[in-house]
Each structure stands twice: as structure tokens, then as C-alpha cells.
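At position 119 of the sequence shown the residue is numbered 115 (our numbering), and the sequence of numbers has no breaks.
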Amino acid sequence: MKRFIGVLIVAIALMAFMAIPASAASLGISPSKIEVDVPSGGSTPVNFQVHYFSGELHVSLVDIPLEVEPTVFHITSSPEDIVVTFRDNTFDPQEYNGYVRFLSTGNATVGLAVNIAARVTVELSANIVEKPTPPPPTGGGGGAPTYYTDTNLFGTEKSFRISRTGEILKTIEATSEDGMFAITIPKGTIALDKDGKRLKGLEAAVDE
């Protein structure tokens, strides 16, 4: 009787194992954790490698309001390299923590989640603008010449005093119109252009 029960248990276990297709029995994804920067309104491709699996693989995001492309891969070999593109349509700089979910469907469902830290970024562009050096003051007084650097920061134009050697003589501060970005150049900062000369102009804007 005990022998009969043992044979029956083995037979049931074997039937259960055979009911699961080999292609869906296991799934491996590398890397297991990623960090990705996605430009606001843009996209970033990320490489993954699929192991121990062949068949249709669905990709989606959990707790991250971005889009992925493509959402379905047809895996034919192991290992196989795939490229998942993360796309932002929110135009809102944020940081998110969630998962990339890889899921196979069919007679058996196998899923795997990769931890992801995603940052939506807005790029700031700063261009050095060459301005002609004003002539030194003439006449009585005999004081040292005064130099200025002209700035256009987020659409606001101002001039700030700067020394002959490029030292900022007053702290420069500016904030973008939406309040999301700020620039501060402390007093005493040495501001030079690419040729090592005193900075004559500075522009900064938000690229969307």
C-alpha cells in the first residue's frame, strides 16, 4: 500500500511538471537593478539581457509614469539582448522608484521585476557671450577702471560688476519663470571664458 501511494505521488508530480512548457518554466533578466536619466519630453534606451527563456515577453512599468517601447519582444535564443526605450511625455522633472516588469503569458505565466530609479531631467544651457570690452574711463579721478559682465538668465537681462581678473564682485542669482530652476554664482567666484580671460557675458535658459 505504501509503495502504491509513493508511485502515485511521483506520477502526479511528473504530470504537473510536463504540463508547463519548457520555454515558460524560467526567466532571467540582467541587470537586476538600473538607474536611468530621461530628458523631459525625450527618451533613453537601456540594454537588458534575457536568460533561460524563449517566447513572447511583455514589458511594462510599475509605479513609474513613463512609457516603454516596445512593449512586446519575441525571444528566440538564450541569452538574448534587448533594448527597452523609456520615454517621458510629462515634461515635469521628477524622480521615481519602481519596477520594470517582464511577463510571459501562455499556458504558464512567468514574471520578473527589475528595480529601477528613474529621473526626468530638464537640461540647462549656458552660453558664453563675448562682449566688447568698454574703453577705460578718462578724465580726472584716476580711479581703477570698472568692468561689467552682461547676463541673460532665464530671459532677464542684467549687468554685474566684475574685476579685471574675473572675480564676481556681487552674488548673481536668477530663477526660472516656473520656479523649478535656480542659478547662484557667489561673490568672489572667478569667472573666466574658455581662453582664460575675464568673462564678458553669460546666458542661461531652460531647454524643453
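Heads up, the beta-carbon is just placed ideally off N, CA and C, and yes, glycines get one too.
*Own chain partners of proline 66 with C-beta closer than 7 Å, once the 5 adjacent residues on each side are dropped*: Residue numbering aside, residue 66 sits at position 70 when the sequence shown is read from its first letter. Contacts found: none.
*Thinking C-beta only, is glycine 94 closer than 8 Å to isoleucine 60?*
Residue 60 sits at position 64 when you count from the first residue of the sequence shown. Residue 94 sits at position 98 when you count from the first residue of the sequence shown. Yes, Cβ-Cβ distance for isoleucine 60 and glycine 94 is below 8 Å.
*Taking 8 Å as the CB-CB cut-off, is leucine 188 touching chain E?*
Absent from the structure: chain E. Only one protein chain is present.
*asked:* Tell me the DSSP secondary structure of serine 19 in three-state form.
replied: As a first step, residue 19 must be located in the sequence shown, where it is residue number 23. Its pLDDT being 42, under 50, serine 19 is placed unreliably by the model, and the measurement read from it follows with that caveat. Of the three classes helix, strand and coil, the one that applies to serine 19 here is helix, per DSSP.
_Using 8 Å for Cβ pairs, my map puts tyrosine 144 next to arginine 194. What's the rounded Cβ distance?_
Within the sequence shown, numbered from 1, the residue matching residue 144 stands at position 148. Within the sequence shown, numbered from 1, the residue matching residue 194 stands at position 198. Incorrect: roughly 10 Å between the Cβ atoms, too far for contact.
*For tyrosine 48, which of helix, strand or coil comes out of DSSP?*
Translated into the one-based positions of the sequence shown, residue 48 becomes position 52. In the structure shown, tyrosine 48 sits in coil (DSSP, three-state: anything other than H, G, I, E or B).
*Where the beta strand (DSSP E) containing aspartate 146 begins and where it ends*: Start at 1 with the first residue of the sequence shown, and residue 146 comes out as number 150. Run containing aspartate 146: 143 to 149, per the beta strand (DSSP E) assignment.
_isoleucine 164 and lysine 183 closer than 8 Å at C-beta_ = The sequence position of residue 164 within the sequence shown is 168, counting from 1. The sequence position of residue 183 within the sequence shown is 187, counting from 1. Between isoleucine 164 and lysine 183, the C-beta spacing is below 8 Å.
*glycine 197 versus serine 155 - alpha carbon distance*: Residue numbering aside, residue 197 sits at position 201 when the sequence shown is read from its first letter. Residue numbering aside, residue 155 sits at position 159 when the sequence shown is read from its first letter. Near 9 Å, if we compare the C-alpha coordinates of serine 155 and glycine 197.
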